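In the working numbering, the protein residues as written are 487 to 746.
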């Protein structure tokens, strides 16, 4: 069994029993490391799942948004009401979905609804542009991995000296990998946050789903060569986030359920 030790047996004895004993001890040590690694990966998956559930439906976000829609209906004509309700319904439907794998289109449409609702509540200071080819839109990715970056840009990256923050999402494929790049022209991410991500250290949570948790979950899902790279923009102020994912196109579990 793991952690087993032989009593009254000297591992340093110079015979076949000693050789066998030392071999068992080495194997035992390797197995303990492997089991420890499996345990850490399992805990990371469970933690990400827990955090994603927390981020799915924030009561304050829901109540404040519904309050905004109510006052819009009272204070003005109903021109924006249908649009606001559609965005909220889309956000709630996506948030409460159970599938962990969605299409790039699903994730981006969710972000568009999120930004639209945020602009309704806070006087339209976030501008979102999307430049993703149609073939990439149909590729698969993990749910809720892009939103933390966009949310962080809006909430923490806004430069108060400007009237608006511009956020862009682009995508390309190369050598079997999918690259999704998110840029903003805000105040920029703090260097300690970049260092914490690069060094794989535990850092402060940036948004509802911690950036480090998202990065680790991508690696656990697809492999250690994938993940997120965060850097300060060199062309202007702001932050650049590069998601490196496998280029996979296929039926998601959500589409399969719909077809049934």
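Note that the Cβ used here is the ideal one computed from N, Cα and C, for glycine as well.
On a predicted model such as this, the values are computed, not experimentally measured, just so you know.
Pairing residue 640 with residue 524, the inter-Cα distance amounts to about 36 angstroms.
A direct Cα-Cα distance of roughly 14 angstroms separates residue 650 from residue 636. For residue 617, the uninterrupted beta strand (DSSP E) segment begins and ends at 612-617. Separation of the CB atoms of residue 734 and residue 625 is rounded to 6 angstroms, and the pair is thereby assigned contact status at 8 angstroms.
It is roughly 31 angstroms from the alpha-carbon of residue 529 to the alpha-carbon of residue 599.
Residue nearest to residue 550 within the set 619, 614, 605 is 605 (criterion: CA-CA distance). Under the DSSP assignment, residue 670 falls in the beta strand (DSSP E) whose first and last residues are 663-670.
Sixteen is the threshold: since fewer than 16 other Cβ atoms of the shown chains lie within 10 Å of the Cβ of residue 501, the residue is exposed. For residue 495, the CB contacts under 7 angstroms within the same chain, skipping 5 residues up- and downstream, are 507 in chain order. If you look at residue 728, you'll find it in the beta strand (DSSP E) that goes 725-732. If you draw a straight line from the Cα of residue 561 to the Cα of residue 602, it is about 19 angstroms long. Collapsing the DSSP output to three states places residue 576 in a helix.
If you ignore the 5 residues before and after residue 705, its C-beta comes within less than 7 angstroms of the C-beta of 712, 713, all in its own chain and listed in chain order.
The stretch 613-620 makes no contact with the stretch 570-589; the number of CB pairs closer than 8 angstroms stays below 3. In this structure residue 509 is exposed. Its beta-carbon is surrounded by fewer than 16 other beta-carbon atoms within 10 angstroms. Around the beta carbon of residue 521, fewer than 16 other beta carbons sit within 10 angstroms, so the residue counts as exposed. By the C-beta density criterion, residue 615 is exposed, having fewer than 16 other C-beta atoms within 10 angstroms. Within the DSSP bridge table, the entry for residue 658 names 665 as partners. Of the residues 513, 723, 680, 533, the one whose Cα lies closest to the Cα of residue 647 is 723.
Between residue 631 and residue 492, the gap from beta carbon to beta carbon reaches 8 angstroms or more.
Annotation: the continuous beta strand (DSSP E) that includes residue 587 extends over 587-589.
Annotation: residue 558 to residue 595 spans about 23 angstroms, alpha carbon to alpha carbon. Residues of the same chain with a CB within less than 7 angstroms of the CB of residue 566, apart from the 5 flanking positions on each side, are 558 in chain order.
In this structure, the beta-carbon distance from residue 720 to residue 670 does not fall below 8 angstroms.
With 16 or more other CB atoms across the displayed protein chains lying within 10 angstroms of its CB, residue 655 is buried.
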